[in-house]
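Peer 1: Per my numbering, residue 47 is the first one in the sequence shown, and the count goes up by one each step. By construction, the Cβ of each residue, glycine as well, lies at the ideal position given by its N, Cα and C atoms. Source: prediction; values computed, not measured.
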Amino acid sequence: MESRTHVHEEYFEVDSATLFAALHTPSAIRTWWQAAAAIVVPEEGGRYLVSWGAEEDDPDYVVAASICAFESGVRLVLGEHYYWAKEGPLPFEMKTKIEFVVRPLDSGATLRVTQGGFPAGPEADEYFNACVKGWRDTFAGIRSYLAACP
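1) Let's see if you can read the secondary structure: which residues bound the alpha helix (DSSP H) around E172?
2) With DSSP as the reference, identify every bridge partner of R96, one or two as the case may be.
3) So which of P150, P196 and I75 has the shortest CA-CA distance to V109?
4) Between W181, T160 and G99, which has its C-alpha nearest G125's C-alpha?
5) Please say whether Y107 and A83 have beta carbons closer to each other than 8 Å?
6) When DSSP builds the beta bridges, which residues end up paired with K143?
7) Which two residues bound the contiguous alpha helix (DSSP H) that contains F66?
8) T77: buried (16+ other C-beta within 10 angstroms of its C-beta) or exposed?
9) Taking buried to mean at least 16 other C-beta atoms within 10 Å of its own C-beta, is I188 buried or exposed?
10) Is the beta carbon of F174 closer than 8 Å to that of F185?
11) How many angstroms separate the CA atom of E169 from the CA atom of F138?
12) Answer yes or no: do H70 and C177 have a C-beta to C-beta separation smaller than 8 Å?
13) Name, in chain order, the residues that DSSP records as bridge partners for F58.
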């Protein structure tokens, strides 16, 4: 099956350790991703679960993934995604993989997110386009979270 990938990368004025910690710390994830709940077991073979919605017992969206790689301070890879939405299932099988890479610089660090495995056909266009916009919004949320940290 043909697939497509989205890559988003930005510079942040924080050290790489702080930036990487924000990616796997549940309280940080809840803030920058505006999530209702987050659970992370930060190790290879661990789990990454996030839910959104006003009601904890009745979420709007739930995403769960296995942590395929966890290289502390540098790289986090999520695979084997489970996606659930109150409005119903996606019109395709979810086989995406998300890779976060943090690269230290002399001053600050960059974060690159690569999300691949979207079907190339029109059945995934709406979800793919929402993810493209979503990562821009997510990076803005990470930036706001980091700016508010002491």
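Peer 2: Considering the structure as presented:
1) The continuous alpha helix (DSSP H) containing E172 extends over residues D171 to A194.
2) The question names Arg, but residue 96 is Val in the sequence shown. Note: V96 sits in a beta bridge opposite A84 and V109.
3) The shortest C-alpha separation from V109 is found at I75.
4) Of the candidates W181, T160 and G99, the one whose C-alpha sits nearest the C-alpha of G125 is T160.
5) Against a cut-off of 8 Å, the Cβ pair of Y107 and A83 comes out as no contact.
6) Secondary-structure assignment with DSSP links K143 through a beta bridge to G162.
7) Taken as a continuous stretch (DSSP letters only), the alpha helix (DSSP H) holding F66 covers S62 to H70.
8) Of the residues assessed, T77 falls on the buried side of the cut-off, its CB having 16 or more other CB atoms within 10 angstroms.
9) Flag for I188 reads buried.
10) Judged by beta-carbon spacing, F174 lies beyond the 8 Å limit of F185, meaning their Cβ atoms are not closer than that value.
11) Near 7 Å, if we compare the C-alpha coordinates of F138 and E169.
12) Taking 8 Å as the Cβ cut-off, H70 and C177 do not qualify as a contacting pair.
13) A155.
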